[in-house]
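Going line by line, the protein sequences match chains B and F.
Counting from 118, one number per residue, gives the positions in the first sequence under the working numbering.
Counting from 118, one number per residue, gives the positions in the second sequence under the working numbering.
This report concerns only the one structure given below.
2 protein chains.
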Amino acid sequence: MKIPLFHDLCQDDVLPLIESAHEKQLLAGEIFYFQGDTAESMYVLIKGRVKLSQIGQDGKQALIEVIKPTRLFGLVAMTSASTYPVTAQAAMESNAIYWTRIEMMSLVMREPKLAMNAMRIMADQLQEIQDRFRQVTTLRVEQRLANTLMRLAANSGKRVKEGILIDHILSRQDLAEMSGTTLYTASRTLSQWHGQQLVIAGREKVIIRNPHGLARIIEQFPG
Amino acid sequence: MKIPLFHDLCQDDVLPLIESAHEKQLLAGEIFYFQGDTAESMYVLIKGRVKLSQIGQDGKQALIEVIKPTRLFGLVAMTSASTYPVTAQAAMESNAIYWTRIEMMSLVMREPKLAMNAMRIMADQLQEIQDRFRQVTTLRVEQRLANTLMRLAANSGKRVKEGILIDHILSRQDLAEMSGTTLYTASRTLSQWHGQQLVIAGREKVIIRNPHGLARIIEQFPG
DNA sequence: CGCTACGTTGACGTCCCTCAATTTCGGTGG
DNA sequence: CCACCGAAATTGAGGGACGTCAACGTAGCG
Chain B
118 MKIPLFHDLC QDDVLPLIES AHEKQLLAGE IFYFQGDTAE SMYVLIKGRV KLSQIGQDGK
178 QALIEVIKPT RLFGLVAMTS ASTYPVTAQA AMESNAIYWT RIEMMSLVMR EPKLAMNAMR
238 IMADQLQEIQ DRFRQVTTLR VEQRLANTLM RLAANSGKRV KEGILIDHIL SRQDLAEMSG
298 TTLYTASRTL SQWHGQQLVI AGREKVIIRN PHGLARIIEQ FPG
Chain F
118 MKIPLFHDLC QDDVLPLIES AHEKQLLAGE IFYFQGDTAE SMYVLIKGRV KLSQIGQDGK
178 QALIEVIKPT RLFGLVAMTS ASTYPVTAQA AMESNAIYWT RIEMMSLVMR EPKLAMNAMR
238 IMADQLQEIQ DRFRQVTTLR VEQRLANTLM RLAANSGKRV KEGILIDHIL SRQDLAEMSG
298 TTLYTASRTL SQWHGQQLVI AGREKVIIRN PHGLARIIEQ FPG
C-alpha cells in the first residue's frame with residue numbers, strides 16, 4: 118500500500134513509522150473528530166471512507182471531500198496548538214492509524230522528508246479548494262455538479278461495464294453539499310442527465326456514461 | 118518587523134536568512150507570478166499590497182485574498198516541482214524578498230522550524246478558504262459581503278475617527294470577487310448599508326461604522 | 001477641462017431555492 | 001416470500017434573490 122505521506126522514503130524507514138502508530142476502528146456514522154476539537158492527532162486512512170465536512174452556526178454544512186484509503190487527514194494537528202477546521206466522520210466501517218502531535222513532531226525531526234510530503238499534500242488540498250471556491254462563485258449549478266462528478270471520477274472512478282462508477286456511497290444530498298446547491302436541484306439535474314444518457318443515476322450511486330458530454334457542460338459559457 | 122515565517126527563531130538565526138534572500142520591486146499592476154507558472158520562488162512581502170486571484174478558462178476570476186507586508190506567498194514553491202495555483206499581482210508599488218526552491222530547501226534543512234512555520238501558515242490559509250467555501254454555498258450575498266468586510270477589518274482594519282477603515286484599495290469589483298457576487302449587487306448592498314449608517318462607502322474605500330450591525334446581518338437566518 | 005475608470009440605480013429576466021406531495025428503493029421481520 | 005417501514009429520491013408549483021444589461025453620475029488625473 119502506497120501512502121503519500123511516506124512518499125520517497127524507503128521501506129526500512131517506513132516500517133518503524135507505521136509500527137509507532139496507534140490504530141482506530143470506527144463504524145459507519147461514528148466520528149474521528151469534530152470541527153472545533155483541539156487538533157491532537159493526524160490520521161492516515163487504511164480502510165473505509167471518511168467524510169470531511171464543515172458546519173456553520175446556522176447548521177448548514179458543506180461537504181469538503183470524501184477520503185479513501187492511504188489519504189492523510191487531520192493534518193492540521195502537525196502545526197502547534199490548533200483546532201480541527203472540519204468534522205471527520207466515517208461513511209462506513211473504517212480503519213485508520215494515527216499519531217499524536219508530540220509523536221509526529223519527533224518523527225519529523227528524525228525524517229524531515231515527512232514535513233515536505235505533508236506540505237505537498239496541504240498544497241494540493243489548498244489548490245483544489247481554491248479551485249472549487251472560484252467555481253462556486255462563477256459557474257452555474259449544472260457546471261459545478263458536472264465538475265464534482267468529474268473530480269470524483271478522477272480520483273475514485275472505477276471502470277464498470279456501463280461506464281465509470283463513482284466508488285463512494287453518496288446521496289443526492291452529499292453531491293449537493295459538495296457542489297454548493299440543494300438536494301432538489303441536484304436530483305433534478307441528475308434526472309435530466311439520466312434521461313440524456315449522460316449518467317446512470319441510482320440510489321446513492323452515480324455511473325458516468327458519457328464523460329465527454331459532461332465535459333461539454335462544464336465548458337459551455339454560463340450565459 | 119515580525120515575519121510569521123520566522124516565528125520562534127532568534128534574531129541571530131533570522132539575519133542570515135534575510136541576507137540570503139533576493140529582492141524584487143514591482144509597480145502597481147505588475148505581476149510577481151502567473152497562475153500556472155512553474156513555482157520557483159517563495160516570497161515574503163515587505164512593502165505594498167499583493168492580490169492573489171484565480172482565473173478560470175471562462176475568464177471569470179475570484180479574488181482569493183489581498184496580502185499585506187510580512188505575509189508569505191507563493192508558498193507552494195516549497196513543495197517539489199509544481200505550478201502556482203493563483204496569480205500574484207501588485208496592487209500598488211510593492212517590495213518583496215524571495216528565495217528559490219533550491220535555496221529554501223537548504224534553509225529548511227538547517228532550520229526545521231521553518232517547515233513547521235510554513236505548515237502552520239498553510240493550515241491557516243486552508244482553514245480560511247474552507248470557511249469561505251462553506252459560506253459561499255450556504256449564505257446569501259448580503260451575509261457573505263458582511264463576512265468579507267469583517268474579515269478584512271480583522272486583519273487590515275485601521276481605526277479612524279469615523280470607524281474602522283479597511284486599509285486596502287478595493288473596488289466594488291474586488292469586493293464582489295472576494296464575496297462571490299457581482300459588481301452590481303455589491304454596489305447596491307453597500308449603498309443600502311451606507312444609508313443605514315452601517316458603513317461609509319467611498320471610492321475604492323470602505324469604513325465600517327457599526328461592526329455590531331454587520332455582525333447581526335451575518336448571524337440572521339437565511340430564510 | 002475632458003478623458004477614463006469607478007460607481008450608482010432602474011428594469012427585467014431567470015436560475016434556483018423552498019415547500020409539499022408522492023414514489024421508489026432497500027432492508028427487516030413476520 | 002411478501003408486507004411493511006424509513007430513508008432516499010422525484011417532481012411540480014411558486015416565488016424571491018440576484019445576475020444581467022443599459023444608462024447615467026462622479027471622482028481623480030493628466
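Using N, Cα and C, we set each Cβ at its ideal position, and we do this for glycine too.
Because the structure is a prediction, the values reported are computed rather than measured.
Query, Result
"Rounded Cβ spacing between alanine 240(B) and threonine 196(F) (contact assumed at less than 8 Å)", "5 Å"
"Within 8 Å of chain B by C-beta, residues of the segment 182–203 of chain F in sequence order", "Leu192, Val193, Met195, Thr196, Ser197, Ser199, Pro202 and Val203"
"Residues of the segment 292–317 of chain B whose Cβ lies closer than 7 Å to any Cβ of chain F, in chain order", "Gly297"
"Threonine 187(B) versus phenylalanine 123(B) - alpha carbon distance", "10 Å"
"Neighbour flag for isoleucine 246(B) against chain F, beta carbons, 8 Å", "yes"
"Cβ shell of glycine 330(B) (< 6 Å), same chain only, five flanking positions each side left out", "Leu315"
"Distance cut-off 7 Å: methionine 239(F) Cβ against heavy atoms of the ligand GTP", "Because no ligand of any kind appears in the structure shown, any question about the ligand GTP cannot be addressed here."
"Phenylalanine 151(F), DSSP secondary structure in three states", "coil"
"Inter-residue CB distance, phenylalanine 151(B) and phenylalanine 250(F) (contact presumed, cutoff 8 Å)", "No, phenylalanine 151(B) and phenylalanine 250(F) are not in contact; Cβ-Cβ is about 19 Å, not under 8 Å."
"Length of the line joining the Cα atoms of alanine 293(B) and serine 273(F)", "34 Å"
"Spatially closest choice to tyrosine 160(B) from Val323(B), Phe149(B), Leu224(B) and Gly153(B), by CA coordinates", "Phe149(B)"
"Which of helix, strand or coil DSSP assigns to asparagine 327(B)", "coil"
"Contact set for phenylalanine 190(B): own chain, Cβ-Cβ below 7 Å, skip 5 residues either direction", "Tyr160, Leu162, Val167, Leu169, Ile184 and Ala205"
"Within chain F, the residues that glutamine 171(B) reaches when beta carbons sit closer than 9 Å", "Gln247, Asp248, Phe250 and Arg251"
"Between the CA atoms of leucine 144(B) and leucine 134(F) - distance to the nearest angstrom", "49 Å"
"Extent of the continuous beta strand (DSSP E) run through serine 170(B)", "167–172"
"Chain B within 8 Å of leucine 282(F), Cβ atoms only", "no"
"Serine 308(F) burial status per 10 Å Cβ neighbour count (16 or more: buried)", "exposed"
"Distance between leucine 256(B) and glycine 173(F) (C-alpha atoms, nearest Å)", "10 Å"
"Interface partners of methionine 226(F) on chain B, CB under 9 Å", "Pro229"
"Residue-chain proximity (methionine 233(B), chain F), Cβ-Cβ < 8 Å", "yes"
"Among Ala156(F), Lys119(F), Leu287(F) and Pro229(F), the one whose alpha carbon lies nearest that of isoleucine 324(F)", "Leu287(F)"
"Cutoff 8 Å: aspartate 154(B) Cβ touching any chain F Cβ", "no"
"First through last residue of the beta strand (DSSP E) which encompasses tyrosine 160(F)", "158–164"
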